[in-house]
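Numbering (my numbering), first residue to last: 127 to 487.
C-beta: ideal position from N, C-alpha, C; glycine also.
Predicted model, so just to flag it, every value in this text is computed and none were measured.
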């Protein structure tokens with residue numbers, strides 16, 4: 127039978143008072159409780175002023191480490207110099223998130239903090255498991271790129287608002303008023319990225335621009351929303367979106383639908399993402415559609431776009447900058463713990479457009 131929260135917290139208080147200061151992971155082991163549960167209880171007790179949290183450890187509210195120790199009502203913040211460990215959760219370590227991770231690693235090294243990586247493999251159910259494992263490893267903060275989709279209900283993200291350590295959402299922006307909106311967030315403004323692509327194509331004289339896109343990720347949903355908004359902004363007709371349902375098997379069908387759109391008068395297309403756009407090039411050629419002569423093509427992500435034949439014009443989200451900015455924000459959040467001086471940040475960084483041969487002149 128689960129131990130009631132009040133009983134657990136009473137045991138935690140008694141144990142900490144007896145030991146003076148103890149690492150949270152050691153405390154959990156002593157009590158025979160999951161580390162995640164103990165971290166949450168410690169956070170609640172610290173919020174009530176009954177315990178003090180420092181870097182990976184907890185002490186009695188009356189404990190002092192020297193003549194100048196902070197008063198019990200002012201928990202000591204975690205400072206970058208204390209070499210905090212940050213957990214980084216991503217859905218994959220290939221393609222797009224490779225660069226996000228690289229930016230985070232560089233910023234972490236400059237700040238003197240450590241990174242621990244968790245991978246949830248694009249399965250929403252894996253997010254909580256990976257987060258619990260990162261917490262059990264002793265991280266003091268989390269960088270989270272959870273597996274959100276357009277079909278998620280806001281309450282499904284509420285568990286992230288109750289995490290026992292500070293967290294920054296990565297390439298995800300919570301809806302205003304949703305439970306996760308209390309979390310810091312850093313991401314790319316993908317809607318602006320789509321506007322850049324369509325504005326470029328419209329500037330080349332194209333009045334009908336198609337979108338071929340996935341629908342299984344949060345970014346894909348933002349690209350779709352951005353397409354509708356950009357068409358309205360630029361006065362272009364919104365073409366029916368060509369769905370890329372299963373990229374490994376459906377790309378030939380996507381090429382057929384794009385070729386049909388070209389025959390109907392569409393002269394340009396935006397494809398999300400690079401991998402699918404690169405696979406489309408030979409399939410379009412096999413159908414007699416030349417890029418860029420018959421179809422000006424822009425891809426989204428700019429991970430592999432330069433390797434196309436022809437090289438692809440591509441929207442380039444600031445992937446490395448997103449990773450770096452998220453680490454910087456989390457380090458600041460840790461340093462401000464207990465001071466109340468840092469408001470919640472929702473930061474959107476603007477993508478660039480890299481123009482290559484595939485969009486023509």
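Helix, strand or coil, according to DSSP, for residue 370 in the structure here? coil
Which value, in whole angstroms, describes the spacing of the CA atoms of residue 412 and residue 266? 54 Å
Are at least three pairs of beta-carbons, each pair with one atom in the stretch 321 to 333 and one in the stretch 253 to 265, less than 8 Å apart? no
Extent of the continuous beta strand (DSSP E) run through residue 134: Residue 134 -> not in any beta strand (DSSP E); alpha helix (DSSP H) instead, spanning 131 to 145.
Below 7 Å CB to CB, which residues in the same chain sit around residue 405 once its five sequence neighbours on both sides are set aside? 377
Under 8 Å, with one C-beta from each stretch per pair, do the stretch 437 to 446 and the stretch 275 to 295 reach the 3-pair mark? no
Alpha helix (DSSP H) containing residue 422: first to last residue? Per DSSP, residue 422 belongs to no alpha helix (DSSP H); it is in the beta strand (DSSP E), 422 to 426.
Given a cut-off of 7 Å, decide if residue 168 and residue 148 are closer than it, judged by their beta-carbon atoms. no
Use the C-beta contact count for residue 450: other C-beta atoms within 10 angstroms, 16 or more gives buried, fewer gives exposed. buried
Suppose contacts are defined by Cβ-Cβ distances below 7 Å. Is residue 270 in contact with residue 234 by that definition? no
Reducing DSSP to helix, strand and coil, say where residue 289 ends up. coil
Integer-rounded CB distance, given that residue 213 should sit under 8 Å from residue 295: About 13 Å separates the two Cβ atoms, so there is no contact after all.
Measure the Cβ-Cβ separation of residue 420 and residue 388 and say whether it is below 7 Å. yes
Nearest residue (CA-CA) to residue 476, options 144, 297, 407: 297
Can you tell me whether DSSP reads residue 343 as helix, strand or coil? coil
8 Å contact criterion, which residue 327 and residue 394 should meet: CB distance rounded: 4 Å
So what does DSSP say about residue 326, is it helix, strand or coil? helix
Apply the 10 Å Cβ neighbour rule to residue 435 and answer buried if 16 or more other Cβ atoms are within range, or exposed otherwise. exposed
Burial state of residue 319 (16 or more Cβ within 10 Å): buried
Length of the line joining the Cα atoms of residue 195 and residue 178: Note that residue 195 scores a pLDDT of 38, beneath 50, so its modelled location is shaky; the value from the coordinates is reported in the next line. Answer to the nearest angstrom: the Cα atoms are 11 Å apart.
By DSSP, does residue 393 sit in helix, in strand, or in coil? coil
So which of 165, 229, 218 has the shortest CA-CA distance to residue 134? 165
Taking the alpha carbon of residue 303 as the reference point, which residue from 317, 314, 312, 287 has its own alpha carbon closest? 287
Which of helix, strand or coil DSSP assigns to residue 403: helix
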